[in-house]
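> The structure's right below; bear with me while I get my questions together.
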Amino acid sequence: MPAEAKREPIATRHAYGDALVELGEHDEAVVALDADLAVSTQSIKFGNRFPDRFFNCGAAEANMMSIACGLAATGKRPFCSTFAIFAAGRAYDQVRLGIAHNELPIVIGASHGGVSLGEDGASHQMIEDIALMRALPRMRVVVPADYNQASRATIDAYESAAPTYLRFGRPSTPIVYDEIPETLGSGIDVLRTGKDITLVATGHMVWRALDAAEALAHDDGVEAEVLNVARVKPLDAETVLESLSKTGVAVTAEEHRVVGGLADAVREVAAEQHPVPIFAVGMGDEFGVSGTGEACMEHFGLTARGIADRAREALVLKPIVSRPPLFGPEWT
Amino acid sequence: MADPAANLARVSHLRPVPDPKPPPRPSEPGRRPEPTIPELERWATVLRGECVRMLAVAKSGHLDSSLSAADIVTALYYRVLRHDPARPGWPERDRFVLCKGHAAPIQYASLAHHGYFPLGDLMGLRQIGSQLQGHPDMTRTPGVEVSTGSLGQGLSMCVGICLALRLDGLDGTAQVFGLLSDGDCQEGQTWEAATTAVHFGLTNLTAIVDYNHLQTDGTTEEVMDVGDLRAKFESFGWDAVEIDGHDMAAVVDALERSRALERPAAIIGQTRKGRGVSFMEGRFGFHGKPPTPEQAADALAELEAKLEEQTRALQAAGEER
Numbered sequence: 008m009p010a011e012a013k014r015e016p017i018a019t020r021h022a023y024g025d026a027l028v029e030l031g032e033h034d035e036a037v038v039a040l041d042a043d044l045a046v047s048t049q050s051i052k053f054g055n056r057f058p059d060r061f062f063n064c065g066a067a068e069a070n071m072m073s074i075a076c077g078l079a080a081t082g083k084r085p086f087c088s089t090f091a092i093f094a095a096g097r098a099y100d101q102v103r104l105g106i107a108h109n110e111l112p113i114v115i116g117a118s119h120g121g122v123s124l125g126e127d128g129a130s131h132q133m134i135e136d137i138a139l140m141r142a143l144p145r146m147r148v149v150v151p152a153d154y155n156q157a158s159r160a161t162i163d164a165y166e167s168a169a170p171t172y173l174r175f176g177r178p179s180t181p182i183v184y185d186e187i188p189e190t191l192g193s194g195i196d197v198l199r200t201g202k203d204i205t206l207v208a209t210g211h212m213v214w215r216a217l218d219a220a221e222a223l224a225h226d227d228g229v230e231a232e233v234l235n236v237a238r239v240k241p242l243d244a245e246t247v248l249e250s251l252s253k254t255g256v257a258v259t260a261e262e263h264r265v266v267g268g269l270a271d272a273v274r275e276v277a278a279e280q281h282p283v284p285i286f287a288v289g290m291g292d293e294f295g296v297s298g299t300g301e302a303c304m305e306h307f308g309l310t311a312r313g314i315a316d317r318a319r320e321a322l323v324l325k326p327i328v329s330r331p332p333l334f335g336p337e338w339t
Numbered sequence: 307m308a309d310p311a312a313n314l315a316r317v318s319h320l321r322p323v324p325d326p327k328p329p330p331r332p333s334e335p336g337r338r339p340e341p342t343i344p345e346l347e348r349w350a351t352v353l354r355g356e357c358v359r360m361l362a363v364a365k366s367g368h369l370d371s372s373l374s375a376a377d378i379v380t381a382l383y384y385r386v387l388r389h390d391p392a393r394p395g396w397p398e399r400d401r402f403v404l405c406k407g408h409a410a411p412i413q414y415a416s417l418a419h420h421g422y423f424p425l426g427d428l429m430g431l432r433q434i435g436s437q438l439q440g441h442p443d444m445t446r447t448p449g450v451e452v453s454t455g456s457l458g459q460g461l462s463m464c465v466g467i468c469l470a471l472r473l474d475g476l477d478g479t480a481q482v483f484g485l486l487s488d489g490d491c492q493e494g495q496t497w498e499a500a501t502t503a504v505h506f507g508l509t510n511l512t513a514i515v516d517y518n519h520l521q522t523d524g525t526t527e528e529v530m531d532v533g534d535l536r537a538k539f540e541s542f543g544w545d546a547v548e549i550d551g552h553d554m555a556a557v558v559d560a561l562e563r564s565r566a567l568e569r570p571a572a573i574i575g576q577t578r579k580g581r582g583v584s585f586m587e588g589r590f591g592f593h594g595k596p597p598t599p600e601q602a603a604d605a606l607a608e609l610e611a612k613l614e615e616q617t618r619a620l621q622a623a624g625e626e627r
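Going down the list, the sequences are from chains A and B. According to the numbering used here, the first sequence is numbered sequentially starting from 8. According to the numbering used here, the second sequence is numbered sequentially starting from 307.
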């Protein structure tokens, strides 16, 4: 069913738009809603193909989420899209009660997540959405790494029939997966194996983590293992612990606040079951700024070099603080 | 688990409102019993009594908000709604959404009297293990269409239901009724939904406002005056009428009339908070406060007297006929 795999850099949000059309062909119950951002979120592709099943709600995101609740309660399969800032921020209460609490099969396609949306600045750069959505009971949180995985993630969200928050990005990003993966699997893919350090990345930081691993191998002779966490919640703790017990130290990387985000998700698992040093690359206690998307990423150190540097710091600390594992991975 | 029987025992000192007649048979599509206006008024009294007892046991909840809505909710469940308790998921049913979710007791009483769940379950309200949550919960309670309780969201949910019904070709048969409060009309989202309903050309949506003029911190006029709601809905492109929300005949007429309209319909029901319990009626200070055992006993005595009077009048009318 999935559309064609892409080979050239392209934004993950395009995968949402393309997969949505596929799903619309497959199931008449699929409906799409947007809040005056249909071109940006790419839901316009669905709107052009199925105008009767597309509802542009105007700049009223809270209203859109509650309308989706009514649609799903009456047997439809709504996909709601807008910028991440409005989906997770403005409409939080509507998502909480109408979607998560009711455990309705509603997919939130949140585009323009993180600071890489660039010029619009702090008011639009959503860096808390993973934390907000992860805190919601019954909600799944998925941040795909590239177009091909984003395509699978959109279809997986439909198939799971669970309330799902999908986070997409604005800029074109390099392809990580050669083909559209058959499945999201456990939610974590080990993209590169290594024994010295674990790099745990999500979304736009995955290809950067792969670049960082390459640099570490080339410049430092360090063998880094790279984990792509597409499904941040529920998190595949087993794969994380397996890697941590092998390497004994990790760096997380996300285009998001480290508080409540991927860093905390990984630290929660590690702190309880296999405490090792875990350093984080992400947004600190700060808001974004205006600039080109790439300049914003540079500004906040959300780069391959940022990850590699953090890894080098972690590796210095590793012999001091790490110790033999308390429990092996089989313990989990 | 909540034990309804034990809870009933806890209020044995309160005189229960007797249920002198069995509940009506479930409405069947195309063959629906039509209770008369006096019969509906009597049912409203029965349901009010249930609310008092539920709140007295739960020692928590919104009694006065339930009482102000009692006549409207009775008119809906006992006369206007096409529904079938044996098939809560019947696709062609009318939908009722209690946007003012805090008035859940009056909806629960209606649902229980129609057989959606046993009457005894009412006494589990707001307690651990009960399916009757403080605010309506679609995941737990049969007959609840969507979860509500966060003001302002309900009318949007109604819009979503209307859109789904239209896609299924059912908008000509199934009407969606949303019951809002003054507080709902203070929330901006209600007006987003009102805009949307007209823009999408909905023909099967009825919004009823239980305009009781009292809220948590004072009168609605003092706290945040929502003004002329009929004019506001009209200015949004709705058909809007204003009625006495306790005049059963007017309520039934307005609800039935709204079904025939080809655009969204608003019914502004002027009501009094705590209606039917004289020490509470129109008085500030009862919102979200359960009655004390003494207040509950007084309220039930008043409602029981009213019920006896209404029952006698119905019997007399029946003999005349």
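Every residue, glycine too, gets a C-beta built ideally from N, C-alpha and C.
Does DSSP put Glu305 of chain A in a helix, a strand or coil?
helix
> Taking the alpha-carbon positions, what's the Glu261 of chain A to Leu217 of chain A distance?
Spanning the two alpha carbons is a distance of roughly 13 Å.
> Name, in chain order, the residues that DSSP records as bridge partners for Lys240 of chain A.
A:Val148
> Return the Cβ separation of Leu486 of chain B and Val515 of chain B in integer angstroms, given the expectation that the two are a contact with Cβ distance under 8 Å.
5 Å
> By a C-beta neighbour count over all protein chains shown, 10 Å radius and 16 as the cutoff for buried, is His225 of chain A buried or exposed?
exposed
> Can you look up Phe506 of chain B in the DSSP assignment and give me helix, strand or coil?
coil
> Give, in chain order, every residue of the region 64-85 of chain A whose Cβ lies closer than 7 Å to some Cβ of chain B.
Cys64, Ala67, Ala69, Asn70, Ser73, Ile74, Ala75, Cys76, Gly77, Leu78, Ala80, Thr81, Gly82 and Lys83
> Between Arg14 of chain A and Ile182 of chain A, what straight-line distance do the alpha-carbon atoms span, to the nearest angstrom?
6 Å
> For the region 103-123 of chain A, enumerate the residues whose C-beta is nearer than 7 Å to any C-beta of chain B, in chain order.
Leu104, Gly105, His108, Asn109 and Glu110
> Contact criterion: CB-CB distance below 8 Å. Does Val558 of chain B meet it with respect to chain A?
No, Val558 of chain B does not count as interfacial toward chain A.
> Given this structure, state the Cα-to-Cα distance separating Arg264 of chain A from Ala168 of chain A, to the nearest angstrom.
Taking the straight line from one Cα to the other gives about 28 Å.
> State the Cα-Cα distance for the pair Cys464 of chain B and Tyr384 of chain B, rounded to the nearest angstrom.
21 Å
> Apart from the five residues on each side of it in sequence, which residues of its chain come closer than 7 Å, Cβ to Cβ, to Glu68 of chain A?
Ala42, Thr89, Phe93, Ala94, Arg97 and Ala98
> Taking Cβ positions, are Ala304 of chain B and Ile343 of chain B nearer each other than 8 Å?
Outside the shown range of chain B (307 to 627) lies residue 304 of chain B, about which nothing can therefore be said.
> How far does the alpha helix (DSSP H) with Tyr414 of chain B in it reach, from first residue to last?
Ala410 to His419
> Tell whether a beta-carbon distance below 8 Å holds between Asp203 of chain A and Val229 of chain A.
Judged by their CB atoms, Asp203 of chain A and Val229 of chain A are nearer to each other than the 8 Å cut-off.
> Report yes or no: do three or more beta-carbon pairs, one from the region 242-255 of chain A and one from the region 195-209 of chain A, lie closer than 8 Å?
yes
> Which residue marks the beginning of the beta strand (DSSP E) containing Arg264 of chain A, and which one marks its end?
Ala257 to Arg264
> Based on the DSSP output, what are the partners of Val547 of chain B in its beta bridges?
B:Ile573
> State whether the region 589-599 of chain B contacts the region 613-622 of chain B, with contact taken as three or more CB pairs (one from each stretch) at a distance under 8 Å.
no
> Over what stretch of residues does the alpha helix (DSSP H) that includes Asn63 of chain A continue unbroken?
That residue, Asn63 of chain A, is in no alpha helix (DSSP H); its beta strand (DSSP E) goes Phe61 to Asn63.
> Output yes or no for whether 8 Å exceeds the beta carbon distance between Asp153 of chain A and Tyr184 of chain A.
yes
> Can you round the beta-carbon distance between Trp544 of chain B and Val504 of chain B to whole angstroms, since I take them to be within the 8 Å contact cut?
7 Å
> Just to confirm, are Pro411 of chain B and Gly478 of chain B a CB contact at a threshold of 8 Å?
no
> Report buried or exposed for Ser541 of chain B, applying the criterion of at least 16 other Cβ atoms within 10 angstroms of its Cβ.
exposed
> Determine, for Ile467 of chain B, whether the minimum Cβ-Cβ distance to residues of chain A falls below 8 Å.
yes
> Which residue or residues does DSSP assign as beta-bridge partners of Asp41 of chain A?
Residue pairing by DSSP puts Asp41 of chain A in a beta bridge opposite A:Asn63 and A:Ser88.
> Measuring alpha carbon to alpha carbon, tell me which of B:Asp490, B:Gly355 and B:Gln576 ends up nearest Leu404 of chain B.
B:Asp490
> Using 8 Å as the limit for Cβ to Cβ distance, is Val452 of chain B near chain A?
Chain A contact via Cβ: present.
> For the region 394-404 of chain B against the region 569-580 of chain B, are there 3 or more C-beta pairs whose distance is under 8 Å?
no
> DSSP state of Tyr517 of chain B, grouped into three classes?
Three-state result, Tyr517 of chain B: strand.
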